[in-house]
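Q: Numbering (my numbering), first residue to last: 185 to 420.
Before I ask anything, let me first share the structure, which is written out below as structure tokens.
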């Protein structure tokens, strides 16, 4: 177990919040020179940290605590009727675990997804450099799961980190034209099932923000646990 008291952390200057208009955000992040192993990653995830690219970070805003870490305890998870339909609808997809790599096929899917779904965000416009720095990491705990239809078309990629205490759903991008499949929701459902097969505890979803519409989907998975006052509280 890592002695967290020996780790160095830094805080950013206040900057515009990516999720709440007119708010200023401050981010606490682990020293980028600190070697990132599974044990350290897992311990910090229990404390609400999240990975983006090379950085493990946590919101550290002085006047706002809207960002609440969320995770799904997979042993207790029961899919809703709608989620069962999504699972059935995507039963024809083939899933493959691959090492993170910026192939033309994968980058093309990412580019189409960002342009269609996040043209108003800070990841637009997409570039190969931005894609690589954000998602392509040569760490043994970071994996890509690709989802292909029977015609071998790449429809979705789930970027997933495996930890001691579960898996972190880092990011998912998918074909924006495949509305009927609900691929974003399906990727989370698949990762829940994958975590159950691994006999691990939870799928970490990052942060939930009550007043951010794009975060609403996270509370569709029940029960869900949220980190409140450094305690994981279960909501059913």
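Glycine included, every Cβ here is placed at the ideal spot set by N, Cα and C.
1) Apart from the five residues just before and just after residue 389, which ones in its own chain have a Cβ nearer than 7 Å to its Cβ?
2) Out of curiosity, what's the CA-to-CA distance linking residue 228 and residue 325?
3) Taking C-beta to C-beta, are residue 300 and residue 243 nearer than 7 Å?
4) Specify the secondary structure class of residue 299 as computed by DSSP and reduced to three states.
5) Give the DSSP bridge partners of residue 357, in chain order.
6) Out of 214, 250 and 192, state which residue places its alpha-carbon closest to the alpha-carbon of residue 207.
7) Shorter than 6 Å, the distance from the beta carbon of residue 265 to the closest heavy atom of the ligand COA, or not?
8) Taking the beta carbon of residue 345 as the centre, do at least 16 other beta carbons fall within 10 Å, making it buried, or is it exposed?
9) Contact check, residue 245 vs residue 209 under 8 Å by CB: the rounded distance?
10) Measure the C-alpha to C-alpha separation of residue 231 and residue 239 and round it to an integer number of angstroms.
11) Nearest to residue 347 by CA position, among 186, 191, 218 and 225, is which residue?
12) Straight-line CA distance for residue 270 to residue 372?
13) Should residue 281 and residue 327 be called a contact, given that it needs their Cβ atoms to be closer than 7 Å?
14) Out of curiosity, what's the CA-to-CA distance linking residue 261 and residue 211?
15) When the Cα atoms are used, what is the spatial distance from residue 279 to residue 405?
16) For residue 410, list the residues DSSP reports as bridge partners.
17) Please give the ranges of any alpha helix (DSSP H) in the region 262-320, keeping only runs that are unbroken, at least 4 residues long and fully inside the region.
18) With DSSP collapsed to three states, give me the class of residue 224.
19) How big is the Cα-Cα spacing for residue 351 and residue 379?
20) Assign residue 267 to buried or exposed, taking buried as 16 or more other Cβ atoms, counted over all protein chains shown, within 10 Å of its Cβ.
21) Does residue 407 pass the burial test, meaning 16 or more other C-beta atoms within 10 Å, or should it be called exposed?
22) Report buried or exposed for residue 308, applying the criterion of at least 16 other Cβ atoms within 10 angstroms of its Cβ.
23) Using alpha carbons as the reference points, say which of 364, 330 and 204 lies closest to residue 305.
24) Alpha carbon to alpha carbon, how far is residue 199 from residue 400?
25) Only counting the same chain, and skipping five residues up and downstream in sequence, which positions put a Cβ closer than 6 Å to that of residue 192?
A: Reading it off the structure:
1) Your numbering for residue 389 matches position 205 in the chain shown. These residues qualify, in order along the chain: 254, 255, 256, 353 and 402.
2) Looking up residue 228 in the chain shown gives position 44. Looking up residue 325 in the chain shown gives position 141. So the two alpha carbons sit approximately 15 Å from each other.
3) Residue mapping note: residue 300 aligns to position 116 of the chain shown, counting from 1. Residue mapping note: residue 243 aligns to position 59 of the chain shown, counting from 1. No. Outside cutoff.
4) For the purposes of this step, residue 299 is taken as the residue at position 115 of the chain shown. Looking at residue 299 - three-state DSSP - the assignment turns out to be helix.
5) One-based indexing of the chain shown puts residue 357 at position 173. Its beta-bridge partners are 341.
6) Position 23 of the chain shown, counted from the first residue, corresponds to residue 207. Nearest of 214, 250 and 192 to residue 207, Cα basis: 250.
7) Annotation note on the ligand COA: not contained in the displayed structure, which lists no ligands.
8) Against the chain shown, residue 345 aligns to sequence position 161. By the neighbour-count rule (16 or more Cβ atoms within 10 Å), residue 345 is buried.
9) If you number the chain shown from 1, residue 245 lands on position 61. If you number the chain shown from 1, residue 209 lands on position 25. Yes, residue 245 and residue 209 are in contact; Cβ-Cβ is about 6 Å, under 8 Å.
10) Here residue 231 refers to the residue found at position 47 of the chain shown. Here residue 239 refers to the residue found at position 55 of the chain shown. Near 15 Å, if we compare the C-alpha coordinates of residue 239 and residue 231.
11) Position 163 of the chain shown, counted from the start, is the residue given in the question as residue 347. If we check each option's Cα against that of residue 347, 225 comes out closest.
12) Translated into the one-based positions of the chain shown, residue 270 becomes position 86. Translated into the one-based positions of the chain shown, residue 372 becomes position 188. Roughly 11 Å separates the two Cα atoms.
13) By 1-based counting over the chain shown, the position of residue 281 is 97. By 1-based counting over the chain shown, the position of residue 327 is 143. Yes. Within cutoff.
14) Translated into the one-based positions of the chain shown, residue 261 becomes position 77. Translated into the one-based positions of the chain shown, residue 211 becomes position 27. For residue 261 and residue 211, the distance between alpha carbons rounds to 31 Å.
15) The residue labelled residue 279 in the question sits at position 95 within the chain shown. The residue labelled residue 405 in the question sits at position 221 within the chain shown. If I take the Cα positions, the gap works out to 21 Å.
16) Here residue 410 refers to the residue found at position 226 of the chain shown. Answer is 254 and 417, bridged to residue 410.
17) 265-273, 288-301 and 312-319
18) For the purposes of this step, residue 224 is identified with residue 40 of the chain shown, where counting begins at 1. Correct three-state label for residue 224: helix.
19) Numbered from its first residue, the chain shown carries residue 351 at position 167. Numbered from its first residue, the chain shown carries residue 379 at position 195. Rounded to whole angstroms, residue 351 to residue 379 spans 7 Å at the Cα level.
20) Against the chain shown, residue 267 aligns to sequence position 83. The residue is buried, with at least 16 neighbouring Cβ atoms inside 10 Å.
21) Along the chain shown, read from residue 1 onward, the residue named residue 407 stands at position 223. Looking at its Cβ environment, which holds fewer than 16 other Cβ atoms inside 10 Å, residue 407 is exposed.
22) Counted from its first residue, the chain shown places residue 308 at position 124. Exposed, because fewer than 16 other Cβ atoms sit within 10 Å of the Cβ of residue 308.
23) On the chain shown, residue 305 is found 121 positions in, with the first residue counted as 1. Selected option, being the one with the closest Cα: 204.
24) Reading the chain shown from its first residue, position 15 is the one you call residue 199. Reading the chain shown from its first residue, position 216 is the one you call residue 400. Using only the alpha carbons, I get a separation of about 24 Å.
25) To locate residue 192, count along the chain shown from 1; it is residue 8. Only 215 meet the Cβ criterion.
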